[in-house]
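These protein sequence lines map, in sequence, to chains X and B. All letters in the first sequence, in the order written, are residues 1 to 230 by the working numbering. All letters in the second sequence, in the order written, are residues 1 to 230 by the working numbering. For glycine and all other residues, C-beta sits at the position ideal for the given N, C-alpha and C. Every value quoted in this text rests on a predicted model; they were computed, and no experiment measured them. Report on one structure; see the data block that follows.
There are 2 protein chains.
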Amino acid sequence: MTAENPQRGLVLVVEDEPSIADLVRLYLSRDGFGVHVERDGSAGLAAARRLRPVACVLDIALPGLAGTEICRRLREAGDWTPVIFLTARDDEVDRVVGLELGADDYVTKPFSPRELVARLRAVLRRAAGPPGGVAQPVVLGRVTVDPDRRSVTADGVPVQLTSTEFDLLAHLMSRPGRVFSREELLAAVWGYAAHAGTRTVDVHVAQVRAKLGAASVIRTHRGVGYAADG
Amino acid sequence: MTAENPQRGLVLVVEDEPSIADLVRLYLSRDGFGVHVERDGSAGLAAARRLRPVACVLDIALPGLAGTEICRRLREAGDWTPVIFLTARDDEVDRVVGLELGADDYVTKPFSPRELVARLRAVLRRAAGPPGGVAQPVVLGRVTVDPDRRSVTADGVPVQLTSTEFDLLAHLMSRPGRVFSREELLAAVWGYAAHAGTRTVDVHVAQVRAKLGAASVIRTHRGVGYAADG
DNA sequence: GGGCTGTGTTCGGATTCGGTAAGAAGACCC
DNA sequence: GGGTCTTCTTACCGAATCCGAACACAGCCC
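Here it is, written out as structure tokens:
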């Protein structure tokens, strides 16, 4: 089950669908990772403890033990290995990220394997970065975004955003001043294989602006895209 | 079968329906891609190996060898050329992307050729790796250009440029001293399919100069084109 | 200086772009 | 099954922007 080639470390993949597991293994090993695959939840948890991988890719729906459960048990035991979830539907995302679990990222099916690799690299970069470990809230002008709690405040007042709206705002504020094209935002927030029209971005931006009111932080760059004020 | 014009590289299209193939060829070549078309699966696979295209557009349902199969064989052979699938029905999508295959994106029929081109560009951009993440601001004389923020300052004072004006200035300043002809600038800033007259460049140069004022950086090379001061 | 070519500048119509509202589709909860 | 919430699409409108023509001007050659 293990493809050893760990120039970049060993990644644990827990996925019961063989075709998906093979694909993920293919792409990860191509990228220089060692890969170890388990097919059910309990074996996955055991492998995580035994092998000490640099990161875990967990399907949510697993026989034996759900991916979420694996993550939670790891965290309880003080294991903060980066975890990326594979989720079947967007709906699961809210529960998944940050709320119940210490997940670091997630990828929704159908996903491009390239995307998974890209996110894995990003997660590892992040984990290696600031020693703080915990994601810091981002403050910009009168707006604060807390990626951990997925909460937003404007002038200290909590603002209720939907999942998509939050991801959009958080992504813009992750790099203040940086201008993102609509395509970039679609890729980052909606996912690589998203097939929404680019005007969809506009509508969601408008929604976020309305909810933030006068504290709004999103600036339009005509002919290009959007950016968070810096 | 091959339309050679590959300023942007060669794209392999495998599609048995001639009308669709022609349409795709038309749009891709208009966008500056070279296009090679094959009509059945085995020939497609052979062409992919022989021609080493920058990307493949594969119909799923193909005589001889399914598009999915072509993709899988390429991957197995260590060929990671980006692949976009053409799928007839939405239902196939779940199975298609990432699940069974190493596809990078997909387009469902009936599709807009524009969308296909847009997705192809996105995929190539992605495959080229992260765009450097943080682009460094360019300083030349009294003018600073920050590609990330799409902001310009002259003597430290922010200057408001429109999208086209910014792209023009940024392109000139990306290679200080290099003289660009009007045609080159049209191609680079306006795009390959630009049908604007070359005098349009003059007008925009004038506009940029006016906004930069005394700090202006653009020099005219009579009979040739424009350059940023070096 | 006189022509000639190439460039600067101005300006209005045409086009494109983004904000907004309204509604359809789907998921979820009760 | 009805109601609610979220997401995505579409249509419309005002405004920013672009384009190209027209004209004025500057440099080059004789």
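Starting from the C-beta of residue i, find all residues in its chain whose C-beta is less than 7 Å away, skip the five residues before and the five after it, and write them out in chain order.
| i | result |
| --- | --- |
| A47 (chain B) | L12, H36 and E38 |
| H221 (chain X) | V179 and A227 |
| E17 (chain X) | none |
| A127 (chain B) | P82 |
| W190 (chain B) | A196 |
| A188 (chain B) | H171 |
| R150 (chain B) | F166 |
| L293 (chain X) | Because chain X spans 1 through 230 in this model, residue 293 (chain X) falls outside it and cannot be assessed. |
| L212 (chain B) | V143, A154 and V159 |
| P147 (chain B) | A135 and A170 |
| L28 (chain X) | V11, V35 and V117 |
Please state the DSSP three-state secondary structure of residue i.
| i | result |
| --- | --- |
| T198 (chain B) | coil |
| Y243 (chain B) | The structure shown does not extend to residue 243 (chain B), since chain B spans only 1 to 230, so no value can be given for it. |
| L12 (chain X) | strand |
| S216 (chain B) | coil |
| G225 (chain B) | strand |
| T87 (chain X) | strand |
| T162 (chain X) | coil |
| G132 (chain X) | Here G132 (chain X) scores only 49 on pLDDT, less than 50, and its place in the model is too uncertain to base an answer on. |
| V35 (chain B) | strand |
| L65 (chain B) | coil |
| A77 (chain X) | coil |
| S174 (chain B) | helix |
| I20 (chain X) | helix |
| A210 (chain X) | helix |
| A122 (chain X) | helix |
| R154 (chain X) | Sequence inspection shows Ala at residue 154 (chain X); the Arg mentioned does not correspond to that position. The answer is strand: DSSP assigns A154 (chain X) an E or B state. |
| D148 (chain B) | coil |
| D105 (chain B) | strand |
| S112 (chain X) | coil |
| R49 (chain X) | helix |
| D40 (chain B) | coil |
Excluding the 5 residues flanking residue i on each side, which residues of the same chain have their C-beta closer than 6 Å to its C-beta?
| i | result |
| --- | --- |
| V217 (chain B) | L140, G141, V143, A228 and D229 |
| D167 (chain B) | V189 |
| L185 (chain X) | V201 |
| A194 (chain X) | L186 |
| T198 (chain B) | R182 |
| R219 (chain X) | A227 and D229 |
| V152 (chain B) | V145, V159 and L161 |
| S19 (chain X) | none |
| P53 (chain X) | L10, V11 and L12 |
Would you mind stating whether residue i and residue j have Cβ atoms separated by less than 8 Å?
| i | j | result |
| --- | --- | --- |
| G64 (chain B) | S42 (chain B) | yes |
| G223 (chain X) | R182 (chain X) | no |
| V145 (chain X) | P137 (chain X) | yes |
| L161 (chain B) | V203 (chain B) | no |
| R119 (chain X) | I70 (chain X) | no |
| L86 (chain B) | L51 (chain B) | no |
| V123 (chain X) | D104 (chain X) | yes |
| L62 (chain X) | V107 (chain X) | no |
| G34 (chain B) | G9 (chain B) | yes |
| A135 (chain B) | A215 (chain B) | no |
| Y192 (chain B) | D79 (chain B) | no |
| K109 (chain B) | A77 (chain B) | no |
Spell out the partners DSSP gives residue i in its beta bridges.
| i | result |
| --- | --- |
| Y192 (chain B) | Its beta-bridge partners do not exist; DSSP assigns none. |
| F180 (chain X) | X:Y226 |
| L58 (chain B) | B:V14 and B:F85 |
| L140 (chain X) | X:V143 |
Does any heavy atom of the ligand GTP sit closer than 7 Å to the C-beta of residue i?
| i | result |
| --- | --- |
| P137 (chain B) | The ligand GTP is not part of the structure shown, which contains no ligands of any sort. |
Sorted by chain position, which residues of the same chain lie with C-beta nearer than 8 Å to residue i's C-beta, five sequence neighbours on each side aside?
| i | result |
| --- | --- |
| M173 (chain X) | V138, L140, V143, V145, V217 and A228 |
| I60 (chain B) | A66, G67, T68, F85, L86, T87, A88, E92 and V96 |
Within the chosen definition, does the region 102-113 of chain B reach the region 23-30 of chain B through at least 3 CB pairs nearer than 8 Å? yes
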